[in-house]
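So the sequence lines, in the order shown, correspond to chains E and X.
My numbering numbers the first residue of the first sequence as 2 and each following residue consecutively.
My numbering numbers the first residue of the second sequence as 467 and each following residue consecutively.
For every residue, glycine included, the Cβ atom is placed at its ideal position computed from N, Cα and C.
Taking it in order: structure first as structure tokens, then the write-up.
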Amino acid sequence: MAKRSIVPFGPQHPVLPEPVHLDLVLEDETVVEAVPSIGFVHRGLEKLVEIKDFKEYVYIAERVCGICSFGHGMGYCQSVEHIMGVEPPRRANYLRTIWMEMSRVHSHLLWLGLLADAMGFESLFMESWRLREKILDMFDLTTGGRVIFSVNCIGGVLKDMDSGMLKAISDTIDEMEKELRPIAEAFLRDYTVGVRLRGLGVLKPEQAILAGAVGPMLRSCGIAYDARKLGYAAYNELEFEPVTASDGDSYARCEVRIQEIYQSFALIRQAISKIPEGPIRVPVKGNPNGEYFMRIEQPRGEAIYYVKANGTKFLDRFRLRTPTTSNIPPMLELMKGCQLADVPLLILTIDPCISCTER
Amino acid sequence: MGKLAKSPWMLHYDGSSCNGCDIEVLACTTPVYDVERFGIINTGDPFQADILLITGGINSQSESVVKQIYSQMPNPKVVVAVGICACTGGIFKECYNIKGGVDTVIPVDIYVPGCAARPQAIIDGVVKAVELLQKKREAFASQRKKSGT
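Right, here's the structure in full:
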């Protein structure tokens, strides 16, 4: 047996803008075990429900994470709406769906850029992020914010989109779809990228289920599970099929995310063509009493929101299980037997969001 | 801003922020905003960095990491607190695990408010940091001349 050594990875590491720490147990260059330690971004947001009232807490829920911001706000609002028996107007549901899919496009493009950066493909990183700015401009146009845009409220949304904005969004996604093609081509057809990604970190379907993988991580193993199929917001009125790939390697994860960007474009188009006229929110009276579990599909996978209310304006408990929490165990599985140099890339392929995970 | 005598290198650390400001800092280095046109390079190594961009209120676990990164950076150095959390603790101020702004742990030179701080504001902060670094370098050089080291 070769000599074992332990190499610390992080918390400050160039591959991710967020702090993540792993202790890598190595035999020569091969990783035998990876031991994660977290808590560098833990703030204690769930505890804040005790001092912020349930309407004010929407703003905190959105700041759990700056990338999945809109989804967290929506998941929280929908849980409270279910407890209170409030049905948001149909237009609000469609607006939420459009913003959610725009968030998915922005998150996946961000990930593609970071992946290219981790491979040392600097120009592809710049291209992906240049394209991402177009969707951020649309957020700016419709909400006034670029990454955090508090538009959710209990009972609907705070801002409406007029026909000009909807037209601008559909024009932008047409343009983006055209510009995404050469970028997708580079990720999926380029020889060098293929050599780097194919066969790296293969996750078998049974392993994925056992370790509890979610989102693109699970779908890249050929399992067509997508929480959007539960039909929250306006997803029950839109037609789509979960994107899957069969290989379960890093290339498959990249492929699934790229195809999901195209799928999001299609969903935004469908939602824009079907959006009904009407009010965007209903008035909410009284305080919630009861509990509810809500599942939504975030860009990184299925997120679970649990809200327990006691009839006062302060909630008893808010619990959030984020997709990265479930994707860390399969990531540790993947690392066993990989090379030290592949570790940053493997961490990246699960699309980690540490600030969601630690809250 | 006049001619620069040096290309400052920039280091970014997330001291328990929500990620919003981090992706905006990163967006500043990409083609649309592009702080690299000022000769700035985004580095991952504290030993080679002149400007530290730090986001988020500091928590008890990241405190030692922030102090270590700060001490590893060579003198003279400039610290820019990006986002309202890094300035004062912001919306997370009442959380049990947040110490408050970055200035509770290390000295901060420039504050960039905003939730999330917009790229334009971050660029403004970085440009101010570059000017400040220039001044600090001159002061540092004259001090070294005086002491003869």
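According to DSSP, R296 of chain E shares a beta bridge with E:I305.
Among the residues facing chain E, L492 of chain X is included, as its CB has a counterpart in that chain under 8 angstroms away.
Only those residues of the region 559–572 of chain X whose C-beta falls short of 7 angstroms from the nearest C-beta of chain E are listed: E560, C561, Y562, N563 and I564. Checking the DSSP bridge columns, you'll see I564 of chain X partnered with X:N525. Its Cα nearest to that of V194 of chain E, the residue E:Y252 stands out among E:D163, E:Y252, E:L349 and E:V203. Two segments are said to touch when three or more pairs of C-beta atoms, one from each, lie closer than 8 angstroms; by this definition the region 62–73 of chain E touches the region 345–358 of chain E. In this structure, DSSP gives F558 of chain X a helical state, which the three-state scheme calls helix. About 20 angstroms separates the beta carbons of I557 of chain X and Y479 of chain X, which is beyond the 8 angstroms limit, so they are not a contact pair. Contact annotation: V285 of chain E and I84 of chain E have beta-carbon atoms that are not nearer than 8 angstroms. Using a 10 angstroms sphere on the CB of I52 of chain E, the tally of other CB atoms stays under 16, which defines it as exposed. Rounded to the nearest whole angstrom, the C-alpha separation of I273 of chain E and S482 of chain X is 37 angstroms. Around the beta carbon of N328 of chain E, 16 or more other beta carbons sit within 10 angstroms, so the residue counts as buried.
Within the region 529–558 of chain X, the residues whose Cβ lies closer than 7 angstroms to some Cβ of chain E are V531, I535, I557 and F558, listed in chain order. Looking at the backbone, the Cα of L113 of chain E and that of M120 of chain E are separated by about 11 angstroms. For the region 40–72 of chain E, residues whose beta-carbon sits nearer than 9 angstroms to a beta-carbon of chain X comprise G40, F41, V42, H43, R44, G45, L46, K48, L49, I52, K53, Y60, I61, E63, R64, V65, C66, G67, I68, C69 and S70. Interface flag for Q299 of chain E against chain X is unset, since no Cβ pair is found closer than 8 angstroms.
It is roughly 44 angstroms from the alpha-carbon of V344 of chain E to the alpha-carbon of I276 of chain E. Contact annotation: R322 of chain E and V50 of chain E have beta-carbon atoms that are not nearer than 8 angstroms. Per the C-alpha coordinates, the member of E:N311, E:G157 and E:I259 positioned closest to S108 of chain E is E:I259.
Taking a cut-off of 8 angstroms on C-beta distances, the region 554–569 of chain X does not touch the region 492–499 of chain X, as fewer than three cross pairs fall below it. Cβ-Cβ separation between E19 of chain E and V42 of chain E: approximately 7 angstroms, consistent with a contact (criterion under 8 angstroms). In terms of Cα proximity to Y263 of chain E, the closest of E:L189, E:R320, E:F294 and E:I174 is E:I174.
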